[in-house]
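2 protein chains.
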Amino acid sequence: MTITQVSVRDARFPLSGGAGTDSLHTNPVYSYATALLQTDTGATGTGLAFTLGGGNELVCQAIQLLAEPLVGLETEELMAQLGTLQRRLADHPQLRWLGPHKGVVQLALAALNNACWDLWAKAHGVPLWKLLLDLSPEALLATLDLSYVDDALTPAQALELLRQPRSQTHFLTDGYPGYDTSAGWLGYDDTKLAENIKKSLGAGFTALKLKVGSDDFTRDLRRATLVREAIGDAGSLMCDANQKWSLPEAEAACRALAPLKPLWIEEPTHPDDLLAHQRLNTEVVPGRIAAGEHFPNRIVFKNYLQAGALAYVQADAVRLAGVSEFLAVSLLAKKFGKPIVPHVGDMGQLHQHLVLFNAIVLGQEPVFLEHIPHLKPHFVHPAQVENGVYKTPQEPGASCDLR
Amino acid sequence: MTITQVSVRDARFPLSGGAGTDSLHTNPVYSYATALLQTDTGATGTGLAFTLGGGNELVCQAIQLLAEPLVGLETEELMAQLGTLQRRLADHPQLRWLGPHKGVVQLALAALNNACWDLWAKAHGVPLWKLLLDLSPEALLATLDLSYVDDALTPAQALELLRQPRSQTHFLTDGYPGYDTSAGWLGYDDTKLAENIKKSLGAGFTALKLKVGSDDFTRDLRRATLVREAIGDAGSLMCDANQKWSLPEAEAACRALAPLKPLWIEEPTHPDDLLAHQRLNTEVVPGRIAAGEHFPNRIVFKNYLQAGALAYVQADAVRLAGVSEFLAVSLLAKKFGKPIVPHVGDMGQLHQHLVLFNAIVLGQEPVFLEHIPHLKPHFVHPAQVENGVYKTPQEPGASCDLR
């Protein structure tokens with residue numbers, strides 16, 4: 001199976017009624033800059049990068065600017081050298097200046113890398129999770145670019161982590177719990193929030209995320225209390241500020257939310273502020289900080305892990321440079337003993353595979369994935385979440401094909 | 001003077017013979033994504049963002065995506081609220097996702113902000129440095145977005161720094177020293193390097209930057225020795241690795257270069273690796289690390305300053321979100337007692353003004369600016385560097401108009 005052409009699709013899906021809104025992103029149009037690897041067999045590799053609409057066309061153009069070295073490669077040849085190729089694309093001598101390894105060019109690389117993995121799984125006729133479980137540690141290592149993180153994770157250490165005995169294989173048959181992000185968007189009023197919590201509990205979820213970072217913090221506190229009372233002590237409440245607060249504001253807000261026992265407080269402040277997160281996670285609300293959906297690359301995750309600046313690693317393969325960099329971050333997280341609970345810019349389509357890899361190959365706990373259903377009708381094989389549980393996908397590929 | 005329209009120019013200037021080459025950027029086409037603020041008086045505000053060619057068109061498009069709120073604003077009205085407007089553009093609810101505050105969208109904001117300052121100076125009929133010296137502390141503060149850095153620098157503290165007695169005004173008449181980056185591009189062979197050093201010394205420079213990060217480190221060491229011998233103990237040697245090394249490689253290289261007494265070692269590794277820089281600057285070669293040309297925003301500079309991770313602050317107003325963010329970083333640097341020695345993606349055109357502000361208003365030392373002459377013929381008012389000294393520009397504006 002040989003790649004003959006790389007095309008793009010600028011796919012945008014308007015939401016309505018406040019869905020998807022948070023403290024800073026008030027009018028999202030969930031969108032994918034989509035890389036499509038066409039092959040001589042008719043099979044297509046689909047790779048997504050997520051945006052909120054504006055500028056999605058810039059990511060599509062950047063995909064085209066980066067794509068040329070992929071054309072003409074046979075699938076096995078491609079994947080045997082994917083790590084090297086990934087580094088070559090990431091370090092494009094002119095486009096690198098636009099990052100490096102962040103922003104539009106990194107999102108473009110995400111889409112391309114994800115398309116390679118989707119194509120490879122389709123070439124093998126298996127779901128991505130199965131391809132990942134079947135790969136030898138050496139073959140998997142060859143797909144990774146570990147440059148700039150080898151002070152924390154050498155290739156030899158990566159191999160050692162990949163060679164551990166496997167565990168938790170029961171998730172393949174039983175599925176694993178999702179958590180519901182869509183009950184508490186910031187644009188929903190209290191009535192709608194209350195209705196949604198009821199629906200969510202009725203649908204089998206026991207863990208709910210609430211958007212916080214309202215202009216009036218007493219609103220946040222009132223709503224968080226409402227959620228905690230509805231789910232009881234046994235349920236899990238997560239609060240997500242989406243970077244709204246300065247460090248002093250974040251300190252005050254975290255202390256005020258702490259009595260409600262949030263499992264985590266997410267993106268309390270700017271993602272570039274390592275030291276602020278370190279302070280919050282070690283001194284203000286120890287072990288309760290989650291972040292990562294806006295960390296552009298493995299190097300930032302490495303620093304956060306080294307500094308103890310987060311407790312939950314919210315890597316996202318449609319923000320990072322694709323599955324390859326997600327796996328590199330997973331290995332780093334394992335090394336530092338922190339769990340990955342992905343952010344799902346992909347609506348869980350791709351991450352449902354990656355969570356199984358982390359659970360079974362790396363033995364990560366908890367096994368837990370965000371659930372956002374708004375784009376379900378637009379996927380060819382939408383993730384199946386039943387009674388609050390993600391079911392294991394069986395179709396070949398990475399479940400990212402759009403209708 | 002009212003802004004009637006925002007247009008863009010995608011300006012690219014090919015170099016030749018290895019000029020501009022470094023360890024990672026091997027074929028640069030010096031380029032400007034240029035924002036042009038058209039007004040009802042016929043005056044134009046010109047704002048630059050620098051790239052290496054590839055993707056310059058993406059930055060131009062992003063300028064257009066962000067520009068709309070500027071149209072219809074009168075110059076004084078604009079500048080009285082520039083800080084607020086800057087934050088609004090930086091936090092565009094959809095485009096923010098492409099950063100936040102980094103990459104293509106941040107470069108676009110740089111071009112727009114720089115164009116605003118150029119226009120304002122032209123409206124006053126003065127060079128930018130004079131406008132900056134004439135502004136009240138309060139008026140200057142109103143041009144800044146200090147969000148996410150107020151834990152390190154409150155608006156009140158910024159005002160206090162701006163109210164200090166002025167110093168070093170003699171630089172306005174005497175000029176200040178430049179340093180030469182163009183003697184030692186990585187693509188130049190030893191013969192050309194030796195010739196260039198001779199030319200550079202003959203032209204009055206006493207400080208030279210050498211590109212390092214060759215695939216063979218012995219080449220770096222040989223060339224650095226060649227420079228040190230040519231300039232003598234009194235001259236300043238700076239070594240610039242342009243992010244080539246991993247942390248272990250950087251440690252070895254810095255230790256090996258230290259006996260040659262480099263004034264600084266620049267960009268030893270990836271700009272996102274705060275902790276690596278901290279280790280290098282505090283333990284390996286204390287007080288000798290320079291970085292910043294790839295730091296996208298004030299928040300990253302804040303962390304580097306808080307962590308003691310650099311000794312020389314190489315902010316660049318055509319990488320940061322323009323003059324406004326450069327000034328915010330200058331205030332932070334002053335607060336932490338570290339000098340700003342700008343990187344000149346603008347070839348010094350804009351920074352020659354900003355250095356004077358830092359010297360006179362903030363009392364920063366050393367007063368020193370990189371010099372790269374390759375684009376001299378393309379500017380309407382090229383920076384005048386005579387006998388190694390930057391002369392004070394007298395034309396109205398920010399000296400960024402392109403022919």
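One line per chain: the protein sequences are A and B, in this order.
The letter at position 273 of the first sequence is residue 273 when you use full-length UniProt numbering, and the numbering goes up by one with no holes.
The letter at position 96 of the second sequence is residue 96 when you use full-length UniProt numbering, and the numbering goes up by one with no holes.
Note that CB positions come from ideal geometry on N, CA and C, so glycine has one too.
query, result
"Boundaries of the alpha helix (DSSP H) in which E138 of chain A is found, first to last residue", "137 to 141"
"Residue nearest to A111 of chain B in terms of C-alpha spacing, selected from B:L37, B:W120, B:A139", "B:L37"
"P69 of chain A beta carbon less than 9 Å from that of R88 of chain A", "yes"
"Within chain A, partners of N27 of chain B - CB distance below 8 Å", "P93, Q94"
"Neighbouring residues, chain B, relative to H294 of chain A (Cβ below 9 Å)", "W97, G99, P100"
"Local conformation of I3 of chain A per DSSP, three classes", "strand"
"L208 of chain A versus A62 of chain A - alpha carbon distance", "36 Å"
"CB of N358 of chain A within 9 Å of CB of Q364 of chain A, strictly", "yes"
"Nearest neighbour of W129 of chain A, chosen from A:H343, A:L327, A:L144 [CA to CA]", "A:L327"
"Where the alpha helix (DSSP H) containing I360 of chain B begins and where it ends", "351 to 360"
"Exposure of R255 of chain B, with buried meaning 16 or more beta-carbon neighbours within 10 Å", "exposed"
"Cα-Cα separation between T44 of chain B and L119 of chain B, rounded to whole angstroms", "6 Å"
"Minimum Cβ-Cβ distance from H270 of chain A to chain B less than 9 Å", "yes"
"Segment limits, beta strand (DSSP E) that includes P69 of chain B", "First-last for P69 of chain B: undefined, no H or E at that position."
"Any chain B beta carbon closer than 9 Å to Y148 of chain A", "yes"
"C-beta neighbour in chain B for A307 of chain A, strict 9 Å", "yes"
"A183 of chain A: CB within 8 Å of a non-hydrogen atom of the ligand HEM", "Looking for the ligand HEM in the displayed structure turns up nothing, as the structure carries no ligands at all."
"Residue from B:N196, B:L310, B:P296, B:L98 with nearest C-alpha to R319 of chain B", "B:P296"
"Which of helix, strand or coil DSSP assigns to F217 of chain B", "helix"
"Cα-Cα separation between T181 of chain B and E370 of chain B, rounded to whole angstroms", "7 Å"
"R222 of chain A in three-state terms, based on DSSP", "helix"
"DSSP three-state assignment for G20 of chain B, whether helix, strand or coil", "coil"
"C-alpha distance - A90 of chain B paired with Q106 of chain A, whole-angstrom precision", "19 Å"
"Option nearest G397 of chain A by Cα separation, candidates A:P127, A:V341, A:V329", "A:P127"
"Neighbourhood of D401 of chain A by C-beta, 6 Å cutoff - its chain only, sequence neighbours within 5 removed", "T46, V380"
"Status (buried if at least 16 other CB within 10 Å, exposed otherwise) for P177 of chain B", "buried"
"Own chain, CB closer than 7 Å to A307 of chain B, minus 5 neighbours either side, in chain order", "L274, Q278"
"Distance between F336 of chain A and A142 of chain A (C-alpha atoms, nearest Å)", "22 Å"
"Chain B within 9 Å of K302 of chain A, Cβ atoms only", "yes"
"Secondary structure of Y30 of chain A, DSSP reduced to three states", "strand"
"Sequence-distant residues of its chain with Cβ nearer than 6 Å to E325 of chain B (five each side left out)", "R298"
"Any chain A beta carbon closer than 9 Å to Q61 of chain B", "yes"
"Proximal residues of chain A, C-beta to C-beta of S246 of chain B below 8 Å", "S147, Y148, D150, D151"
"Residues of its chain near L263 of chain B, where Cβ-Cβ distance is below 6 Å and the 5 sequence neighbours each way are ignored", "S236, M238"
"Chain-ordered chain A contacts of N297 of chain B [CB-CB under 8 Å]", "D272"
"Range covered by the beta strand (DSSP E) that runs through H371 of chain B", "369 to 371"
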